[in-house]
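*Asks:*
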Amino acid sequence: MFDPSQMMIIVGVLLTLVLFGTHIAVALGITSALGIYLMQENIEVVRSFISNTAYEGIRDYIFAVIPLFILMGEFLAKSGAARDLFSLVNRLTRWLPGRLGVATVLANAVFAFVSGVSIAAAATFSRIAYPEMKRYGYNRQFSLSCIAGSACLGMLIPPSVLMIVWGVLTEQSIGSLFMAGVVPGLVVVLVYSAYIVGTAILRPQIVGEGRVSATANHATTAQIAESDDLSGTLFGTLLVVLLVCGVLGGIWFGFFTPTEGAGVGAVAAFAIALIRGMRAKEVFEVVLSAGRSSAPLLLLLVMAQLYSRVLSMTGITGAVQAALLDTGLPAIAILGIMILIWFVLGCIIDSISIILLTVPVFAPVASSLGYDPLAFAIIGILAIETGLLTPPFGILVFTVKAALPQENVSVGEIFRGSTPFWICLLAVIAAIIAFPQIATWLPNLGKP
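Counting from 1, one number per residue, gives the positions in the sequence shown under the UniProt record's numbering.
1. Do you know how far the Cα of residue 257 is from the Cα of residue 40?
2. Given a threshold of 16 other Cβ atoms within 10 Å of its Cβ, counted over all protein chains shown, does residue 333 qualify as buried or as exposed?
3. What are the uninterrupted segments assigned as alpha helix (DSSP H) that are 4 or more residues long and contained completely in the segment 62–149, given in chain order?
4. Measuring straight from C-alpha to C-alpha, what distance separates residue 353 and residue 406?
5. Could you spell out the range, first to last residue, of the alpha helix (DSSP H) harbouring residue 424?
6. Consult DSSP for residue 255 and reduce its assignment to one of helix, strand or coil.
7. To the nearest angstrom, how far is it from the Cα of residue 296 to the Cα of residue 26?
8. Kindly indicate which three-state DSSP category residue 172 falls into: helix, strand or coil?
9. Quick one: any contact between the segment 275–290 and the segment 323–340, if contact means 3 or more CB pairs under 8 Å?
10. Out of 45, 77, 23 and 20, state which residue places its alpha-carbon closest to the alpha-carbon of residue 266.
11. Sort 350, 435 and 291 by Cα distance to residue 24 and report the nearest one.
12. Roughly how many whole angstroms lie between the Cα atoms of residue 130 and residue 196?
13. Does DSSP put residue 224 in a helix, a strand or coil?
14. CB residue 372 to CB residue 237, shorter than 8 Å?
15. For the segment 188–206 against the segment 386–398, do three or more pairs of beta-carbon atoms, one drawn from each stretch, fall closer than 8 Å, so that the two count as touching?
16. Can you list, in chain order, the residues of its chain whose CB lies under 7 Å from that of residue 404, leaving out five sequence neighbours each side?
17. According to the Cβ coordinates, are residue 181 and residue 150 closer than 8 Å?
18. Taking only the alpha-carbon atoms, compute the straight-line gap between residue 228 and residue 72 and give it to the nearest angstrom.
19. Using a 10 Å radius around the Cβ and a threshold of 16 neighbouring Cβ atoms, would you call residue 457 buried or exposed?
20. Let me know the secondary structure DSSP gives residue 203 once reduced to three states.
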């Protein structure tokens, strides 16, 4: 067991490395090695511990779920499925005030069921939805914030990379986490849509009152028009919906594990991409892109497992848990402290890094306080997701800006426009705290 001074050294070194820009995997590895050395004072023990953890971690069957789900999303994103989704939803919502904003949210929700990565959604819909909004005279800030805000759904609606990382760290069922995210994800969609429709009714000038702008980006609009053939759009969307239902339904009903479901989904997405005319060169680019996204995540997870073991061995987890529980604060106040920490960290580091740093400590505390593990996971993921929209890190805001270099828009403008969507996420967090059944109902459905 460490003494308090050694615990402070470990925590201090980790925070210093992260704040000075060290890659989170490197920071976790260095801190873990230091912790083992301080405890054992033998460099050979450090080497053996790290090598054994890496071997045990990377060979775990569940790790394959990450590259396979990313591969599935990449195939569908590159095959034009996202454009078909937006085109179809746009057709179905023509009667609705602010329909292009709502169409962006709904299309993002469906796309989230196959992508699992928010950044991909932000980049994709910046190029698809924004030109249409611009053509109809939508306010630029409102348009871009709709895209950035709705891209958050990619990390909440399964198959979410954040849920996979959370499940691996806490040894929870990834299938149950996937199911727990469905209803809260749909609630976020409803809240977002209500905000957009309300804004369109109260301030119709923001949505252009249906006027078509003469300065439209005609080249991009023409690309969308090409996908407006209804039969082709319906066919492409139907394939995506069948894929989503098949993969998630198969996991839910126990026909296959999450890893097997990811494999089935990747193969089916590959078949859909071939049907839609994807060429060999594009297939290679998709596989390469999935590898580039997956490799850093796998390294992060190995380092996170090492970090979690060191925390348990040194007693830091128990010390933090005791410190929080001994404050005498009610459970809701301690939960509020954890959420506040997530909000602050969301301003300076990325979502996966936040999970790796905090969940090994926070999850046991929440369990001791009596919170349902599934509901707590969804609360945590939502709280961490707010960091995607908050300055100065706000990766989704920077992704939207980077995807539209011709607009010369400032990140501050998008951050300001995204504030209502951030508030919507807070409202959903509060709802789940008050009614945890929002997250637990679907996973528990059918259980005795």
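In this text, a Cβ means the ideal position worked out from N, Cα and C, and glycines have one as well.
*Replies:* By the coordinates alone:
1. Here the alpha carbons of residue 257 and residue 40 stand approximately 39 Å from one another.
2. exposed
3. 65–78, 81–92, 99–115 and 118–135
4. 32 Å
5. Per DSSP, the continuous alpha helix (DSSP H) segment holding residue 424 begins and ends at 411–434.
6. coil
7. So the alpha carbons of these two residues sit roughly 11 Å apart.
8. coil
9. no
10. 77
11. 350
12. Each residue's alpha carbon lies about 15 Å from the other.
13. Caution applies to residue 224, whose pLDDT of 44 falls short of 50 and renders its modelled position unreliable; the value that the coordinates give is listed next. Helix.
14. No; because the gap between Cβ atoms is not below 8 Å, this pair is not in contact.
15. no
16. Answer for residue 404: 126 and 130, listed in chain order.
17. Here residue 181 is not near residue 150, since their CB atoms are 8 Å or more apart.
18. Because residue 228 sits at a pLDDT of 48, beneath the cut-off of 50, its placement in the model cannot be relied upon, and the following sentence gives the value as read from the coordinates. The alpha-carbon atoms of residue 228 and residue 72 are separated by roughly 24 Å.
19. With the chain covering only 1 through 448, there is no way to say anything about residue 457.
20. Three-state DSSP puts residue 203 in coil, outside helix and strand.
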